[in-house]
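For the sequence shown, the working numbering gives the first residue as 2, with consecutive numbering after it.
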Amino acid sequence: VFLLLNNRTINIEKIEIIMDGRVLLIDMEKNGCKIRIINVYGSTDMQERVLLLQTLQYYICNGRHVIIGGDFNCNLEKRIGNTSACLTNRVDLSSQALNNLIKDCKLTDVYRSLHSEDQKLYLLWPFLHQLSRCPIEQ
2 VFLLLNNRTI NIEKIEIIMD GRVLLIDMEK NGCKIRIINV YGSTDMQERV LLLQTLQYYI
62 CNGRHVIIGG DFNCNLEKRI GNTSACLTNR VDLSSQALNN LIKDCKLTDV YRSLHSEDQK
122 LYLLWPFLHQ LSRCPIEQ
């Protein structure tokens, strides 16, 4: 995981690996505004995802402006419709942990707030010879 910036007036204060290979945190400051960026790559193992999401609350609720993104590897809600191309379409304990994190830390799902009428994202499987689309978490 990496972050590229083209603005030299941003002061990088701290870079921290919260969970090796899973969560990277960058604290920065610009003109007195403190920003925290967290990139997440959720495990495919449900128990590991739950632990990761529970760990994140400490790093999010800190008085800084927070931008968090990445691949959480879980659904916020059960999808309705044909999802036969999907490997999974279930809500589990990690979905509940992510929803709790969003609620407890007062996070906003930016994509959903900007595209409330179209709440589908698609994952393109590169190993297929034909275009295959599968709704994924947002």
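Idealized CB from N, CA, C, for every residue including glycine.
Note that this is a predicted model, so its numbers are computed, not measured.
Opening and closing residue of the alpha helix (DSSP H) in which residue 104 lies:
Run containing residue 104: 94 to 105, per the alpha helix (DSSP H) assignment.
Exercise. Curious, which full-length alpha helix (DSSP H) runs of at least 4 residues does the region 17 to 73 contain?
Worked result: 47 to 61
*Endpoints, alpha helix (DSSP H) assigned at residue 115*: 111 to 115
In this structure, how does DSSP classify residue 88 when only helix, strand and coil are distinguished? Legend: pLDDT at residue 88 = 48, less than 50; position of this residue unreliable, value from coordinates given subsequently. Assignment of residue 88 by DSSP, reduced to helix, strand and coil, places it in the coil class.
Which of the three DSSP states, helix, strand or coil, is assigned to residue 14? If DSSP states are grouped into helix, strand and coil, residue 14 belongs with the strands.
Check your understanding: From residue 70 to residue 32, what does the alpha carbon distance come to, in whole angstroms?
Key -> 24 Å
Open item on the list: Since residue 50 and residue 95 should fall inside the 8 Å C-beta cutoff, what is the C-beta to C-beta distance between them, to a whole number of angstroms?
Closed with: The beta carbons of residue 50 and residue 95 sit about 4 Å from each other, so the pair counts as a contact at 8 Å.
Buried or exposed for residue 6, please, with buried defined as at least 16 other CB atoms from any protein chain shown within 10 angstroms of its CB. In this structure residue 6 is exposed. Its beta-carbon is surrounded by fewer than 16 other beta-carbon atoms within 10 angstroms.
For residue 110 and residue 9, what's the separation of their Cα atoms in angstroms?
29 Å
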